[in-house]
Every structure is written in structure tokens, then in C-alpha cells.
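For reference, the structure discussed in these notes is given below.
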Ligand SMILES: [Zn+2]
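Residue numbers (this note's numbering): 113 to 283.
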């Protein structure tokens, strides 16, 4: 499980070293996505506002693997305000609709790993996963966090999804 997510952590440490900053416990890749200086397409961000963000998982289990997370840095969903909880869920269901329409998947897994023991690579900042599934992609178990990483063309999928996400979420 840890191995699945290890590239995330490595990448995020390297990013901070590259910026000339020391990386302490306050470094958080999910918090960073909300910074003004972050260029959305550089991080495969499909949508962000002042409460939530949606991005492609850089280390996906399948093509179109999306992460949805709050701006609030917390390790538990129940500490989020009810408003943010609603925004997260609405963003998740909208994302599932768009992913289905654009990528024509046959099904989806969605959910979250809360805590490292449950498979969270970045347990300090909660995030939801959506993993599109196709008939025949039976190489992995249908449980979030027990699947294997696959090689996909992030640029291509981002170009497919970004315009429809922009239209849906920005009107
Ligand atoms: Zn954070």
C-alpha cells in the first residue's frame, strides 16, 4: 500500500527542495494546490475555488483517476464544516458524471482512505478518489487503496477532461 503512494511523497519533497524551501511537517501538496502561484495545468488541476479542488492523480490506478479535496488541512472528514462536506460530495458526483460521459467508463470506484493504516499516502489532508473502471481492466481489486498503479497519458486525459470540468463548474 505504501509503495503505491510513495511517488507522491517523493515528488512533493522534491518540489519543495527545488523551490529552495526546507520541507517540514507543514509542507502539504494538497494545501499547495490552492496557492495563487500554482498554474492549474501544470498540476493537472481540473477545478479549484476557495473551498475545494479537483485534480488528476499523478500516480493513477487507471486513466481518469481523480482526487477531490478540501482547502482545509485536516485528517478527518468530520472536522470539515457541513458546507464543505456538501461541496465535496457535490463535486464528487459531478465529477463522476463528467468522467463517465467523457471517458465512457463502465463503472467507477470512489471513496477515501482515512489514516495511513487504511492506505492514505498523505493522511494529514483528507481526499476522495474516483477511479474509472472498464470491462476487462481486471488486473486489480475493486477496492480503493488495494489497486495497482498503471501507466496513463495524463496530458491526454487532462485535455479531454479540463474543458468539460471548466464548463460544468465555472458555468
Ligand atoms: Zn494540507
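Note that beta-carbon positions come from the ideal geometry of N, C-alpha and C, so glycine has one too.
Check	Outcome
Output needed for residue 131: all residues of its chain with C-beta closer than 7 Å, excluding positions within five of it in sequence on either side, in chain order.	With a pLDDT of 48 at residue 131, under the threshold of 50, the modelled position of this residue cannot be trusted, and the question is left open.
I'd like to check one pair, residue 244 with residue 211: are the Cβ atoms closer than 8 Å?	yes
Can you tell me where the beta strand (DSSP E) holding residue 266 begins and where it ends?	Looking at the DSSP string, residue 266 is not in any beta strand (DSSP E); the run it does join, the alpha helix (DSSP H), is 266-282.
Taking all protein chains shown into account, decide if residue 269 is buried (16 or more other Cβ within 10 angstroms of its Cβ) or exposed.	buried
Among residues of its own chain, excluding the 5 on either side of residue 204, which ones have a beta-carbon nearer than 7 Å to its beta-carbon?	180, 222, 240, 242
Measuring from each Cβ to the nearest heavy atom of ligand 1, keep the ones under 7 Å and list them in chain order.	140, 142, 143, 185, 236, 237
Considering just the uninterrupted stretch of the alpha helix (DSSP H) at residue 142, what are its terminal residues?	141-144
Taking residue 214 as part of the alpha helix (DSSP H), name the residues at either end of that continuous run.	194-215
At which residues does the beta strand (DSSP E) containing residue 222 begin and terminate?	219-223
With 16 as the cutoff for other CB atoms within 10 Å, does residue 263 come out buried or exposed?	exposed
Just tell me which of 207, 237, 218, 216 has its CA closest to the CA of residue 226.	237
Could you pull out every residue in the same chain whose Cβ sits closer than 6 Å to the Cβ of residue 159, ignoring the five residues on either side in sequence?	166, 277, 281
With respect to the beta strand (DSSP E) encompassing residue 244, which residues constitute its N-terminal and C-terminal limits?	240-245
Answer with buried or exposed for residue 172, where buried requires no fewer than 16 other C-beta atoms within 10 angstroms of its C-beta.	buried
DSSP on residue 190, reduced to helix/strand/coil?	helix
Give the C-beta separation of residue 185 and residue 140 to the nearest angstrom, bearing in mind that I take them to be a contact with Cβ-Cβ under 8 Å.	6 Å
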